Each structure stands twice: as C-alpha cells, then as structure tokens.
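Structure first, commentary second.
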Amino acid sequence: MAHSPEERIVSDDQAARVARIQARAEDVFGEPEKAALWLNRQNRLLNDQTPLKAIQTDTGLQLALTILGRIEHGVY
Numbered sequence: 043m044a045h046s047p048e049e050r051i052v053s054d055d056q057a058a059r060v061a062r063i064q065a066r067a068e069d070v071f072g073e074p075e076k077a078a079l080w081l082n083r084q085n086r087l088l089n090d091q092t093p094l095k096a097i098q099t100d101t102g103l104q105l106a107l108t109i110l111g112r113i114e115h116g117v118y
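So the sequence shown is numbered by the working numbering: it starts at 43 and just counts up by one.
In structure tokens form, the structure reads like this:
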C-alpha cells in the first residue's frame, strides 16, 4: 500500500525525532542500553509519558531534550 506524501513527511519527521532523542540520550548516558531504558520509562516531568511518546510533539521533544540536559549537568 502506497503512502501519501503527507504520511511520508510525518513518518520521516517521527523518524528524525527518534534518531535525535536516541543519539542525545546515548550521549548523556554513555551506553545504548541505558539510553533505551530512559527512553522507554515513564517520566513524571513528561506527564508520566515515556520520552518516546512525548517526542511526538515539538513541545514534548524540547522538554525531553531539556531533561537530558539537566541529567547531563546533574540538575535532575
């Protein structure tokens, strides 16, 4: 089944969001396994969503990136 151009754009955007947050999480946590745990665990600062769920919106993506920055700098 062929996807419409709009569906491909949304899919490409979501893939880019996942790649961005995954790379940042791996950078912060130092290991892909630890990053995966964080990405799939509910987070109270994300209204109890997982980071992977939260990044579906621009606001959620920015908040997840901010949280990673706080973790990196010990302000979590």
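Heads up, the beta-carbon is just placed ideally off N, CA and C, and yes, glycines get one too. Note that the structure is predicted; figures quoted are calculated from it, not measured.
Cβ-based neighbour list, residue i, same chain, cut-off 6 Å, excluding 5 preceding and 5 following
i   : result
V70 : L110, I113 and E114
Contact set for residue i: own chain, Cβ-Cβ below 8 Å, skip 5 residues either direction
i    : result
Y118 : I109 and R112
Sub-7 Å separation of residue i and residue j beta-carbons
i    : j   : result
L88  : A77 : no
L107 : P93 : no
L103 : R66 : no
D90  : Q98 : no
Contacts around residue i, its chain only, beta-carbon distance under 7 Å, and the 5 residues preceding and following it disregarded
i   : result
E68 : P74 and A77
S46 : none
R62 : none
Top-ranked residue by Cα proximity to residue i, from the options
i   : options          : result
Q64 : S53, D54 and L79 : L79
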